[in-house]
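Enquirer: Heads up: the sequence shown is residues 240 to 452, going by our numbering.
The structure follows.
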Amino acid sequence: MNIKRLLIINQCLKDNTKKWSLQDLIDACKDTGKNSKRSVQADLELMRNSVKGYNAPIKVVEKKYYSYDDKKYTLLNQTLTELDKQNILEALNVLYDYSAFSSLKNIESPLITLHEKIAQSLNLPLPVKVEKENNSSIFVRLWVEYSIVDEIINSPIDNSQRVELEEIDGSMILQYNMVVSKKIEDFLVANHDKIKVLSPNSLQNKIKKFING
């Protein structure tokens, strides 16, 4: 999914002054970098999907042209999907990673404020503000296998632990704002087959380096 492509398609389908063929939609998305026939068709299906998508009332006229059956419909008024929320959290996390650079040292506080506002709007776990220890407090996301979930929930890795997502198979994605101590690093290495670091990339690479020797 490419949100920029979805927004362009949405704008096209709202425009009733033109008939939009699949090729027209592909051409309209040319500036997104990924505008193949397959990708645009996948976007249309996602928009139509009532479970994982946006339940968009897309109709096909003359077996060729696409438009909204409801002239008042727009993607921008729809509830964000779980994938949307995950992408937003990933984007925030990338910004947290860059906040470690001295040239961006003043952005962490605004980022936390932004995260709080987004979390409140989307009913996501709130970030926990943690005092920095040697400037090493970071935003961490972990995937935890179902077999170790109860242990982690009952004995949190850090007090800032929050559940971001619970998968159907019982596994979880957890998030933290914490100082990653040597003890935590050792724990992640020892349980690398059951706990995966999703972000930040710096911690992910560090754990991989320890595992691979």
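Where is the CB? At the ideal position from N, CA and C, for every residue including glycine.
Is the CB-CB distance between I242 and A267 below 8 angstroms?
Expert: Going by C-beta atoms, I242 is not nearer than 8 angstroms to A267.
Enquirer: Can you tell me the Cα-Cα spacing of K435 and N345, whole angstroms?
Expert: If you take the alpha carbons of K435 and N345, they lie about 29 angstroms apart.
Enquirer: Under the DSSP definition of a beta bridge, which residues are partnered with Q298?
Expert: Note on residue identity: the sequence assigns Lys, not Gln, to residue 298. DSSP lists S306 as partners of K298.
Enquirer: Run through DSSP, which three-state label would S360 get?
Expert: Helix.
Enquirer: Nearest-angstrom Cα distance between K371 and R401?
Expert: Because K371 sits at a pLDDT of 46, beneath the cut-off of 50, its placement in the model cannot be relied upon, and the following sentence gives the value as read from the coordinates. Answer to the nearest angstrom: the Cα atoms are 19 angstroms apart.
Enquirer: Indicate whether Y312 and S260 have their beta-carbon atoms separated by less than 8 angstroms.
Expert: Taking 8 angstroms as the Cβ cut-off, Y312 and S260 do not qualify as a contacting pair.
Enquirer: Per the contact definition of three or more C-beta pairs closer than 8 angstroms, is the stretch 267-277 in contact with the stretch 322-334?
Expert: With a cut-off of 8 angstroms, the stretch 267-277 and the stretch 322-334 do not count as touching, because too few Cβ pairs lie within range.
Enquirer: Using the Cα positions of L404 and I357, report the straight-line distance between them to the nearest angstrom.
Expert: The straight-line gap from Cα to Cα measures roughly 16 angstroms.
Enquirer: When DSSP labels each residue in this structure, what does V402 get in the three-state scheme?
Expert: It is a strand residue.
Enquirer: Suppose the cutoff is 7 angstroms on Cβ atoms and the five residues either side in sequence are ignored; what does the same chain contact list for K253 look like?
Expert: Closer than 7 angstroms at Cβ, skipping near neighbours: Y307 and T313.
Enquirer: Mind the definition here: the stretch 420-434 touches the stretch 335-344 only if three or more C-beta pairs lie below 8 angstroms; say whether that holds.
Expert: They do not touch, by the three-pair rule.
Enquirer: Shortest alpha-carbon distance to L319 belongs to which of S386, M286, F378 and V428?
Expert: Considering only alpha carbons, the answer is M286.
Enquirer: Between which two residues does the alpha helix (DSSP H) holding Y335 run?
Expert: Its alpha helix (DSSP H) spans residues E321 to Y337.
Enquirer: Can you tell me whether R277 is buried or exposed? The criterion is at least 16 other CB atoms within 10 Å of its CB, across all chains shown.
Expert: Exposed, because fewer than 16 other Cβ atoms sit within 10 Å of the Cβ of R277.
Enquirer: To the nearest angstrom, how far is the alpha carbon of N288 from that of F449?
Expert: Between N288 and F449, the C-alpha separation is close to 43 angstroms.
Enquirer: What residues are listed by DSSP as bridge partners for K435?
Expert: Paired residue(s): W382.
Enquirer: Between K310, V290, K291 and I297, which lies nearest to T256 when the distance is taken from Cα to Cα?
Expert: Among K310, V290, K291 and I297, the Cα nearest to that of T256 is on K310.
Enquirer: In three-state terms, what does DSSP make of I423?
Expert: Correct three-state label for I423: helix.
Enquirer: Under three-state DSSP, which class holds E370?
Expert: Note that E370 scores 45 on pLDDT, short of 50, meaning its location in the model is unreliable; the coordinates nonetheless yield the value given after this. Note: E370 maps to coil in three-state DSSP.
Enquirer: At the level of alpha carbons, what is the spacing between V369 and M240?
Expert: Annotation note: pLDDT 45 at V369 (below 50); position unreliable, coordinate value reported separately. Roughly 34 angstroms separates the two Cα atoms.
Enquirer: Please state the DSSP three-state secondary structure of M286.
Expert: If DSSP states are grouped into helix, strand and coil, M286 belongs with the helices.
Enquirer: Can you tell me which of L283, K269, M417 and V300 puts its alpha carbon nearest to the alpha carbon of K258?
Expert: Measuring from the Cα of K258, the nearest candidate turns out to be V300.
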